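S.K.:
Given below as structure tokens:
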């Protein structure tokens with residue numbers, strides 16, 4: 460699998476994902492020329508001047524950064540500026556790590572993608588769901604499960620430290636459709652995948668991904684941190700959005716701490732840097748994390764979502780944009796907008 464161009468964008472402004480899409484339109488062209496880099500820098504400078512972007516951007520070709528710059532403040536209270544080593548909230552980009560972890564266990568013969576939940580979680584509270592839904596369904600968002608981030612969750616957001624703590628917010632819910640029938644994005648499904656990783660590996664989910672993904676990839680600045688922990692160079696998100704996702708443009712941006720989990724989960728909420736995500740890309744492409752066969756399994760689209768999103772693979776999005784093949788994932792919630800793209804088949808090998 461060739462991966463010669465990678466684009467990573469973090470934004471502390473929720474609307475940043477909209478502008479990131481505009482950036483990506485430029486990136487599908489040849490991006491190594493000085494003129495293109497100046498154009499990109501001018502574009503970002505204009506967004507900063509309009510108060511539409513705050514964060515960090517990295518563009519790399521053949522594993523080497525050709526553009527890397529940070530903008531704005533990581534923490535308005537301390538006046539700390541963002542830099543290229545700032546740790547940003549990944550949102551749902553953690554799903555890539557969860558899918559790689561599941562694939563590692565599959566490659567080791569510890570589980571199969573066709574296994575139902577019940578095989579590995581025999582005490583799962585909802586037997587009908589556990590018997591029907593497979594790991595494949597969970598990885599592709601075709602399980603019929605929903606989103607544990609509901610009203611009850613936000614009422615108890617600071618009391619959910621473990622993956623098991625999340626079960627009461629979703630396990631009793633019926634499926635929205637028969638597994639495999641259609642696509643519906645599901646944070647609950649990826650929370651279950653984390654529980655499966657814990658049961659099969661015998662390790663806490665956060666320990667597993669730290670030891671089996673972050674450490675071998677050299678990602679020393681990537682982890683899930685408890686809210687309020689003293690972590691160096693950690694960005695704070697700012698938003699006008701309420702917990703229900705509706706913006707209130709009459710008020711100034713405020714810290715998003717009320718909508719951020721006390722700790723991330725296997726569905727999202729960890730932290731990383733632009734450099735560490737480049738290391739993840741390189742480790743994935745060089746088959747340091749998975750064999751070539753299993754790398755292709757997780758990154759190849761399985762279910763056609765339709766529209767610009769293309770196909771969903773196993774924790775990765777596999778799509779065509781402006782005629783170019785892109786594999787990656789994004790993440791977002793109030794005060795968080797992140798994007799990770801790898802561009803295959805541009806004629807270079809990493």
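Residue numbers (our numbering): 460 to 809. Note that the Cβ used here is the ideal one computed from N, Cα and C, for glycine as well. What you are looking at is a predicted structure, and each value in this text was computed from that prediction instead of being measured.
For residue 506 and residue 500, what's the separation of their Cα atoms in angstroms?
M.R.: About 10 Å.
S.K.: Is residue 570 near residue 651, with beta carbons less than 8 Å apart?
M.R.: Taking 8 Å as the Cβ cut-off, residue 570 and residue 651 do not qualify as a contacting pair.
S.K.: When we look at the beta-carbon of residue 573 and count the other beta-carbons within 10 Å, is it buried (16 or more) or exposed?
M.R.: Classification for residue 573: exposed.
S.K.: If you follow the beta strand (DSSP E) that residue 756 is part of, which residue opens it and which one closes it?
M.R.: No beta strand (DSSP E) contains residue 756, which is instead part of the alpha helix (DSSP H) from 751-758.
S.K.: Take residue 682 as the anchor and find which of 711, 613, 602, 553 has the nearest alpha-carbon.
M.R.: With distances taken between Cα atoms, residue 682 lies closest to 553.
S.K.: Can you give the Cα-Cα distance for residue 628 and residue 607, rounded to whole angstroms?
M.R.: Residue 628 and residue 607: Cα-Cα distance of roughly 5 Å.
S.K.: Under a three-way DSSP split, which group does residue 697 fall into?
M.R.: Strand.
S.K.: Answer yes if the segment 509-525 comes into contact with the segment 654-672, meaning at least three C-beta pairs across the two stretches below 8 Å, and no otherwise.
M.R.: No contact exists between the segment 654-672 and the segment 509-525.
S.K.: For residue 622 and residue 720, which I take to be in contact (beta-carbon distance under 8 Å), what is that distance rounded to the nearest angstrom?
M.R.: The Cβ separation is near 11 Å, so there is no contact.
S.K.: By the 10 Å Cβ neighbour count, where 16 or more other Cβ atoms means buried, how is residue 425 classified, buried or exposed?
M.R.: Because the chain in this structure spans residues 460 to 809, residue 425 falls outside the shown range and cannot be described.
S.K.: Which of helix, strand or coil does DSSP assign to residue 484?
M.R.: Because the pLDDT at residue 484 is just 46, under 50, the model does not fix this residue reliably, and the point stays unresolved.
S.K.: So residue 802 and residue 784 are supposed to be a Cβ contact under 8 Å. How far apart are they, rounded?
M.R.: Between residue 784 and residue 802 the Cβ distance is about 7 Å, and since that is below 8 Å, they are a contact.
S.K.: Would DSSP call residue 624 helix, strand or coil?
M.R.: Helix, per DSSP.
S.K.: Can you list, in chain order, the residues of its chain with a C-beta nearer than 7 Å to that of residue 668? Leave out the 5 residues immediately preceding and following it.
M.R.: Same-chain partners within the cutoff: 556, 560.
S.K.: In the DSSP assignment, find the unbroken beta strand (DSSP E) run with residue 790 in it and report its ends.
M.R.: From DSSP, the beta strand (DSSP E) with residue 790 extends over 783-792.
S.K.: Candidates 643, 604, 525: which alpha carbon is nearest residue 588's?
M.R.: Of 643, 604, 525, the residue nearest in Cα terms is 604.
S.K.: Report buried or exposed for residue 521, applying the criterion of at least 16 other Cβ atoms within 10 angstroms of its Cβ.
M.R.: So residue 521 ends up on the exposed side.
S.K.: Indicate the three-state DSSP secondary structure (helix, strand or coil) for residue 711 in the structure shown.
M.R.: If DSSP states are grouped into helix, strand and coil, residue 711 belongs with coil.
S.K.: Can the beta-carbon of residue 503 be found closer than 8 Å to that of residue 523?
M.R.: No, the pair does not count as a contact, with Cβ atoms beyond the cut-off.
S.K.: Grouping DSSP H, G and I as helix and E and B as strand, with all else coil, what is residue 634?
M.R.: Here residue 634 sits in coil by DSSP.
S.K.: Taking residue 634 as the reference, give the member of 600, 618, 625 with the closest Cα.
M.R.: Closest by alpha carbon: 600.
S.K.: Rounded to whole angstroms, how far is the Cβ of residue 529 from the Cβ of residue 542, which I believe are closer than 8 Å?
M.R.: With a Cβ gap of about 5 Å, residue 529 and residue 542 count as contacting.
S.K.: Exposed or buried, residue 447, counting other C-beta atoms within 10 Å across all chains shown (16 or more means buried)?
M.R.: Since the first residue of the chain shown is 460 and the last is 809, residue 447 is not available in this structure.
S.K.: Decide if residue 614 is buried, meaning its Cβ has at least 16 other Cβ atoms within 10 Å, or exposed.
M.R.: By the 10 Å Cβ count, residue 614 comes out exposed.
S.K.: Checking the sheet assignment: what are the DSSP bridge partners for residue 727?
M.R.: Note: residue 727 sits in a beta bridge opposite 724.
S.K.: Could you check where the beta strand (DSSP E) with residue 534 kicks off and where it finishes?
M.R.: Unbroken beta strand (DSSP E) run through residue 534: 532-534.
S.K.: Is it buried or exposed, residue 537, if we count other Cβ atoms within 10 angstroms and call 16 or more buried?
M.R.: Classification for residue 537: exposed.
S.K.: Cα separation between residue 742 and residue 778?
M.R.: The alpha-carbon atoms of residue 742 and residue 778 are separated by roughly 21 Å.
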